[in-house]
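Have a look at the structure below, then the notes.
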């Protein structure tokens, strides 16, 4: 206002005297503008100079969103294959930025691709500008980057990375997909071994946090290894049984009535009525045997609405089930199951040794031991061993979980094996369709399989005679109407058969010696967790 | 006059000392006879045995008092731990041989199979079964011939008195586990043979007279020198074997005993056996059928 006034005054009378104050203010303003202009021009000049000096202008930056713009014939290498044989070559790798550390004119990057990490270094030099080094140190962790660089031999072994002999000298660095700066937790914290060195950070990530942010948790090297072992177990199960003449079948999961009386079932609304999610493929496996498939196995989801929050129960898990018709004695089936497990364990030992040692780095455990052929003990012998160790247990009692663990430890001490089969369980503790022992009224033709003292499979010879089955069902007080269709499946001739089912997650957990089944389930479901 | 006869002494004192008949010396220097004449020996022996009996009695008394002390000690410890006297008794008796079937696990290396065990099993009259398993950590898996040899049974009846499970894994010497929580494992083939023969064929070892049993013991101990010792020690064992077998047809006397059964399969595989040893090996093959316990290539 005052200026306007003074300006008005000067404008009104050209050459008229302006008030002193106004003049001073004008001068000040002019000076300010001049200074601003100077600074601006200087900055511009500097920027221009810098840009002119930026030797690596086209060698770094954020790429536009990849919408399949073009097809070039560039070849990407996997970090897994970078070793001293490739020294001197220029390679293009894609990976996640695991860590970056800037010091003065250099920046160290660690690039991670699944289980493999490699160190890359970029330093200010004739071909690398300061801007590029600054850009490299500012890329957010976990972003996906494309890095073109030269493989060079590392002066000394890089212990923090999986590729210890080489490092990459960065020529080009582009960011393909940026990550947000704030991660829910740091991957190093998630990978830190339990009870590590006393010095240094002791931060661990809680299991709940991990499961809530499962996508980031699954990126850790250990988790990648765990699920590769689990995939191998499934693959070996399938391959071995196929070589033994088994046929893979897929059974329905939406069923009309609860099959086994034991576990609870999930209800679903089925059009205008109700249906249930299958607790086990038992009924359909047996029907397949009655339909002359002779030897079947099935791999599929199993739903149990058990309200138990333990370290080894899930509401939904993957069941590996098998059923086999035999000629004389159900021990033929036990032999096949034992041999199958031996094939799985041996296959894991041969093919997944790297993965197993990776898991052991974060979760140390004793290597898994087993005997060949599989050790089969009778329930009577097991009870004797427990009694000799001081436990009070009757001949027909079921084994409680602490007793199972104690028996596992006794067997480990005596036979030096983590895997054994317990045969001839008492009839009183088994379901109604279990075939009783012909020579004894107390025992039945049923068996349980244990790994590291925990039960992984419950199996038996099934009753294939409809009249006998009706008798046993009545004896157990089961409503015959509900299981009418089950009994009917045996009316038209059914061979004697036996089988059992294992949980994939539980077998993986016990083989690797982990302590919680949620570690081996990709997106676990339990009474308290429904997402992700 | 009559008063003198009726005189009785007032005080009577018992004699302090009895004057024995003194033998007057008729010889200047007296030496004990150097060689024993029959009559003198009898007397000396009697004195010796008396002295021996005295010392034995004394020793027995001291042992009894020590046993009593030990019992008091155990009772006191039992009370401290809160065990009743019955439990104490039970825990002491639990590992003594009884009529319950014996179930043992023997871990041995496939490069050094315990053939002596098979030889011993042939002498066990009670029903028994032997089964083999290969361990997962085993770097050298046992050959099928070995597995078929070490899978035997002398009966089809189900409740066997002795069940042996053999686990093939890398072990410096065979180890036997009987009852994991209560007994430490038995190490060494000699000790395993002793344990099993005490339970099942005492006629080969334990029930023989103590002298024979101790001789068997010393031969069994020489087994470990032979297996683990250097060439010199091996040679010395072979020499003593040769010498002993020159005078008797078996190691202890003329009847095969436990040490023949245990030592023969081990010794026969060696080289530079003396003639007596070779003859003894042939004899053992004939009577004990050792050659049937060893696979074809190694006999």
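Protein chains in written order, with UniProt numbering: chain S, 1 to 532; chain W, 1 to 299. All C-beta atoms, glycine included, are put in the ideal place defined by N, C-alpha and C. Everything numeric in this text was worked out from a predicted model, so none of it was measured.
*For the beta strand (DSSP E) that residue 98 of chain S lies in, which residues bound it at each end?*
Residue 98 of chain S sits at position 98 when you count from the first residue of the first chain. That run of the beta strand (DSSP E) goes 90 to 103.
*Member of S:289, S:305 and S:327 whose CA lies at the smallest distance from the CA of residue 268 of chain S*: Locating residue 268 of chain S in the first chain gives position 268, counting from the first residue. Closest by alpha carbon: S:305.
_Neighbouring residues, chain S, relative to residue 107 of chain W (Cβ below 8 Å)_ = Indexing the second chain from 1 puts residue 107 of chain W at position 107. Here the neighbours are 416.
*What are the boundary residues of the beta strand (DSSP E) that residue 275 of chain S is part of?*
On the first chain, residue 275 of chain S is found 275 positions in, with the first residue counted as 1. Note, residue 275 of chain S: beta strand (DSSP E), 273 to 277.
*Measure the C-alpha to C-alpha separation of residue 425 of chain S and residue 446 of chain S and round it to an integer number of angstroms.*
Within the first chain, the letter at position 425 stands for residue 425 of chain S. Within the first chain, the letter at position 446 stands for residue 446 of chain S. Roughly 6 Å separates the two Cα atoms.
*Just reading off the alpha helix (DSSP H) that residue 214 of chain W is part of, what are its end residues?*
Against the second chain, residue 214 of chain W aligns to sequence position 214. Run containing residue 214 of chain W: 210 to 228, per the alpha helix (DSSP H) assignment.
*List, in order along the chain, the chain S residues whose C-beta lies closer than 9 Å to that of residue 82 of chain W?*
Numbered from 1 along the second chain, position 82 holds the residue referred to as residue 82 of chain W. Within 9 Å Cβ-Cβ: nothing; residue 82 of chain W doesn't reach chain S, min ~14 Å.
*If contact means a Cβ-Cβ distance below 9 Å, which residues of the region 368 to 395 of chain S contact chain W?*
368, 369, 370, 371, 372, 373, 374, 375, 381, 384, 385, 388, 389 and 390
*State buried or exposed for residue 287 of chain W, treating a residue as buried only when at least 16 other CB atoms are found within 10 Å of its CB.*
On the second chain, residue 287 of chain W is found 287 positions in, with the first residue counted as 1. Exposed: under 16 other Cβ atoms inside 10 Å.
*Under 8 Å between the Cβ atoms of residue 180 of chain W and residue 101 of chain W?*
For the purposes of this step, residue 180 of chain W is taken as the residue at position 180 of the second chain. For the purposes of this step, residue 101 of chain W is taken as the residue at position 101 of the second chain. No. Outside cutoff.
*asked:* Mapping the DSSP letters down to three states, classify residue 314 of chain S as helix, strand or coil.
replied: Taking the first chain and counting its residues from 1, the one referred to as residue 314 of chain S is at position 314. Three-state result, residue 314 of chain S: coil.
*Give the C-beta separation of residue 82 of chain S and residue 91 of chain S to the nearest angstrom, bearing in mind that I take them to be a contact with Cβ-Cβ under 8 Å.*
As a working mapping, residue 82 of chain S is identified with position 82 in the first chain. As a working mapping, residue 91 of chain S is identified with position 91 in the first chain. Contact flag correct, Cβ pair sits at about 7 Å.
*Contact set between residue 410 of chain S and chain W, taken where Cβ atoms lie within less than 8 Å*: For the purposes of this step, residue 410 of chain S is identified with residue 410 of the first chain, where counting begins at 1. Ordered by position in chain W, the residues that pass the 8 Å Cβ test against residue 410 of chain S are 180 and 181.
*How is residue 14 of chain W classed by DSSP in three states: helix, strand or coil?*
By one-based count along the second chain, residue 14 of chain W stands at place 14. Residue 14 of chain W: coil per DSSP, three-state reduction.
*asked:* Between residue 363 of chain S and chain W, is the shortest Cβ-Cβ distance under 8 Å, so that the two count as touching?
replied: Taking the first residue of the first chain as position 1, residue 363 of chain S is located at position 363. By this cut-off, residue 363 of chain S is not an interface position.
*According to a CB-to-CB cut-off of less than 7 Å, which residues of the region 118 to 137 of chain W neighbour chain S?*
133, 134, 135, 136 and 137
*Considering only residues of the same chain and omitting the five flanking positions on each side of residue 165 of chain W, which have a CB-CB separation below 6 Å?*
Along the second chain, one-based indexing puts residue 165 of chain W at 165. Contacts found: 105 and 131.
*Please look up how many angstroms separate the CB atoms of residue 138 of chain W and residue 170 of chain W, rounded, as I've assumed it's under 8 Å.*
Locating residue 138 of chain W in the second chain gives position 138, where the first residue counts as 1. Locating residue 170 of chain W in the second chain gives position 170, where the first residue counts as 1. At roughly 7 Å, the Cβ-Cβ gap stays under 8 Å, so residue 138 of chain W and residue 170 of chain W are in contact.
_C-beta contact flag for residue 121 of chain S and residue 169 of chain S at 8 Å_ = As a working mapping, residue 121 of chain S is identified with position 121 in the first chain. As a working mapping, residue 169 of chain S is identified with position 169 in the first chain. Taking 8 Å as the Cβ cut-off, residue 121 of chain S and residue 169 of chain S qualify as a contacting pair.
*Interfacial residues, the region 344 to 358 of chain S to chain W, with Cβ spacing under 9 Å*: 345, 346 and 349
*When we look at the beta-carbon of residue 311 of chain W and count the other beta-carbons within 10 Å, is it buried (16 or more) or exposed?*
Coverage of chain W is limited to positions 1 through 299, which leaves residue 311 of chain W absent and any answer about it impossible.
*Between residue 156 of chain S and chain W, is there a C-beta pair that is closer than 8 Å?*
Residue 156 of chain S sits at position 156 when you count from the first residue of the first chain. It does not; no Cβ of chain W falls within 8 Å.
*At a Cβ threshold of 8 Å, is residue 97 of chain W touching chain S?*
If you number the second chain from 1, residue 97 of chain W lands on position 97. Low local confidence applies: a pLDDT of 46 at residue 97 of chain W is under 50, so the model's placement there is unreliable, with the coordinate-based value given in what follows. False, the Cβ-Cβ gap to chain S never drops below 8 Å.
*How about residue 186 of chain W: is its C-beta nearer than 8 Å to some C-beta of chain S?*
In the second chain, the residue the question calls residue 186 of chain W occupies position 186. With 8 Å as the cut-off, residue 186 of chain W does not count as an interface residue toward chain S.
_On the CB-based measure, 16 or more other CB atoms within 10 Å of its CB, does residue 11 of chain S come out buried or exposed?_
In the first chain, counting from the first residue as 1, residue 11 of chain S sits at position 11. Confidence at residue 11 of chain S is low in this model, with a pLDDT of 47, below 50, so its placement is unreliable and the value that follows should be read with caution. Residue 11 of chain S is exposed by the Cβ-count criterion.
*Beta-carbon proximity list for residue 246 of chain W, same chain, < 7 Å, skipping 5 on both sides*: Taking the first residue of the second chain as position 1, residue 246 of chain W is located at position 246. Same-chain partners within the cutoff: 276.
*asked:* Helix, strand or coil, according to DSSP, for residue 76 of chain S in the structure here?
replied: Here residue 76 of chain S refers to the residue found at position 76 when the first chain is read from its first residue. Coil at residue 76 of chain S, not helix or strand.
*asked:* Going by DSSP in three states, residue 113 of chain W sits in which element: helix, strand or coil?
replied: In the second chain, residue 113 of chain W corresponds to position 113, counting from 1. Correct three-state label for residue 113 of chain W: coil.
*Name, going along the chain, the residues of the region 139 to 156 of chain W whose beta-carbon falls closer than 9 Å to a beta-carbon of chain S.*
141
*Around the Cβ of residue 95 of chain W, are there at least 16 other Cβ atoms within 10 angstroms (buried) or fewer (exposed)?*
Within the second chain, residue 95 of chain W is the residue found at index 95, counting from 1. The predicted position of residue 95 of chain W is uncertain, since its pLDDT is 44 and thus under 50; a value taken from the coordinates is nonetheless stated next. Under this definition residue 95 of chain W is an exposed residue.
*Name the DSSP beta bridge partners of residue 62 of chain S, please?*
Mapped onto the first chain, residue 62 of chain S falls at position 62. BP columns for residue 62 of chain S point to S:175.
*asked:* Three Cβ pairs or more, each shorter than 8 Å: is that satisfied between the region 493 to 503 of chain S and the region 309 to 328 of chain S?
replied: yes
*Report, in whole angstroms, the separation of the C-beta atoms of residue 175 of chain S and residue 145 of chain S, which I expect to be a contact under 8 Å.*
Taking the first chain and counting its residues from 1, the one referred to as residue 175 of chain S is at position 175. Taking the first chain and counting its residues from 1, the one referred to as residue 145 of chain S is at position 145. Contact flag correct, Cβ pair sits at about 5 Å.
_Reduced DSSP secondary structure (H/G/I, E/B, other) of residue 287 of chain S_ = By one-based count along the first chain, residue 287 of chain S stands at place 287. Three-state DSSP puts residue 287 of chain S in a helix.
*asked:* Buried or exposed, going by whether 16 or more other CB atoms sit within 10 Å of the CB of residue 295 of chain S?
replied: On the first chain, position 295 is the one that residue 295 of chain S refers to. Classification for residue 295 of chain S: buried.
*Going by DSSP, which residues form a beta bridge with residue 108 of chain S?*
By 1-based counting over the first chain, the position of residue 108 of chain S is 108. Per DSSP, S:101 and S:121.
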